[in-house]
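According to the numbering used here, the sequence shown holds residues 12 to 406 in order.
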Amino acid sequence: MSLRRNVVYLTLEKVVHTLGGLLGMVLVARELGPGALGDYGFAISLTAFFVPVLDLGMNNRLIKSVAGGARVSDALNEVLSYKLTVAPAVFFLMVVAGWVWGGVHLALPVLLIGASTIFMSAGDGGNAVFKGLQQAHLSFLVIGVLNVALLVGLVVALHSGGGLVEVGWCYAVTRCGYAVMCLALLKRKCPDFRVSAKLGVDLNTMWSGLLHLPGVYYLGNLLYLSYLATYVMSPVTAGVFYIGYRAAAATYVLVSAGFEAVLAHAVSDGRRHTGLGVWFVTYGIIALLLLFLAAPLVVTLFGNDFGESVRAIRLLASCVPPFALCGLAHTLLMAAHREQFASLVMAVLLVAGFGMAIVAEATFGTESTALVPAVSATLAIVVLWFSLYRQTRPA
């Protein structure tokens, strides 16, 4: 399957996944109100923060391995072994953090959404194999089924008078089904595949996985951490600003949807693809403008109580183009086997950006915090692209 067709399918996958998340957020906001939406945003953001620890770049590493011709069973079982080993500790940290930081009333929702995150990670391992085989239509299929099932469950639960606990159950059940579906489909696609994962962690595997963390984890967590700074320090405005952070994250996910296809293609053919920068930055600017123009629709979707979210969305839209350039440079550096430097830059971006968000929230307020992701990512662009030019230019 061609690079262009894979990019299209992965973009459609992200559209479906993003739309599912946004519609779920709309349902929670309309049925439970701004306060519950803030709590829902906390649970989602907290559990999402632990995803990089759980996945540790294993999915990107798996895509590279399969695209390079590695045996599917060996590559996937190595990834599943790591995930099964660290899952109990990650789950425990999620639950404790939810109870300590969010309060007793959020302990059970965080527990359920945390469990769903474990299931999702297992399914993503199988999904990564489809991407490595450059058969992105299968990724689109499983993600589509997951989101339809999740939305149906949320509609039934919330219209029946359910709260955040019932929302958590919807996530847990549907994501468990997603994991089963991915592994079953993989078995049909690769009849020789056998699940033989064993508990245990290889330090070399962990280090390699850490260096292959996708750029979306760093950049997405920069948004989540910026929101958490607002949630803790300015809880009154957290609900309306969560919509802005979620909209920015969703838009970036759509813009970066093709990065996994770029990674697999760049590894398999060995050519440089630095010319993609112009295409993706153009795509990012178009996405920014569309998000800016569509911001007033938040009142129609969420109700008049969320009118202030219009400005939040427009402020946070500024991060989309710099995020696109950061993510693409990080992906191309991984394909060029320069993942160690790329990971270092992205880690510095995440830590420094979070520090800037705390200072901005404490000093200037919530609106300035919303601009921190764009400012910090712009600084990282210079370093990443200069390095990409130097390290991938012909000798």
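In this text, a Cβ means the ideal position worked out from N, Cα and C, and glycines have one as well. Here the structure is a predicted model, which is why all the values come from computation and not from measurement.
Spatial distance of residue i from residue j (CA atoms)
| i | j | result |
| --- | --- | --- |
| D50 | S320 | 16 Å |
| W396 | L382 | 22 Å |
| C330 | P384 | 6 Å |
| L104 | S354 | 24 Å |
| A147 | L210 | 29 Å |
| Y235 | F365 | 9 Å |
| L21 | R15 | 10 Å |
| R401 | L344 | 11 Å |
| V386 | L233 | 12 Å |
| V9 | A368 | Coverage of the chain is limited to positions 12 through 406, which leaves residue 9 absent and any answer about it impossible. |
| F352 | A358 | 10 Å |
| V393 | L197 | 40 Å |
| A133 | V97 | 12 Å |
| L221 | H348 | 14 Å |
| V206 | K200 | 14 Å |
| T389 | L302 | 19 Å |
| L336 | L360 | 14 Å |
| D85 | F141 | 15 Å |
| G79 | T342 | 16 Å |
| V266 | L339 | 10 Å |
| A323 | D213 | 43 Å |
| A81 | R72 | 11 Å |
| N138 | A371 | 38 Å |
Beta-carbon spacing of residue i, residue j below 9 Å
| i | j | result |
| --- | --- | --- |
| A298 | I74 | no |
| A240 | T58 | no |
| G376 | S237 | no |
| G125 | L91 | no |
| V264 | G155 | no |
| L224 | F334 | no |
| L175 | P120 | yes |
| C187 | S127 | yes |
| N17 | G269 | yes |
| Y189 | L123 | no |
| F151 | L30 | no |
| Y228 | S56 | no |
| L157 | F53 | no |
| L144 | V101 | no |
(message) Could you check whether the segment 307 to 317 touches the segment 241 to 256, counting it as contact only if at least three pairs of C-beta atoms, one from each stretch, sit closer than 8 Å?
(response) Taking 8 Å as the limit for Cβ pairs, the verdict is that the segment 241 to 256 does touch the segment 307 to 317.
(request) Counting only runs of 4+ residues fully inside the segment 300 to 344, write out the alpha helix (DSSP H) ranges in chain order. (result) Correct list: 308 to 313, 320 to 327.
(request) Indicate whether the contact test is met: 3 or more Cβ pairs, each with one atom in the segment 161 to 169 and one in the segment 105 to 114, closer than 8 Å. (result) no
(request) Pair every Cβ in the segment 65 to 85 with every Cβ in the segment 40 to 47, then say whether three or more of these pairs are closer than 8 Å. (result) Inter-segment contact for the segment 65 to 85 and the segment 40 to 47 is absent: fewer than three beta-carbon pairs are separated by less than 8 Å.
(message) So within the segment 25 to 71, which uninterrupted beta strand (DSSP E) runs reach at least 3 residues, ignoring any that extend past its ends?
(response) none
(message) Three or more C-beta pairs under 8 Å: does that hold for the segment 22 to 40 against the segment 254 to 263?
(response) As far as the Cβ criterion goes, the segment 22 to 40 touches the segment 254 to 263, which means the pair count is three or higher.
(request) Report the residue ranges of all alpha helix (DSSP H) runs contained in full by the segment 78 to 117; include only those spanning at least 4 residues, in chain order. (result) 83 to 108
(request) Could you name each continuous alpha helix (DSSP H) segment of 4 residues or more that falls completely within the segment 168 to 230, going from the start of the chain to the end? (result) As far as the segment 168 to 230 is concerned, its whole alpha helix (DSSP H) runs of at least 4 residues are 175 to 200, 214 to 222.
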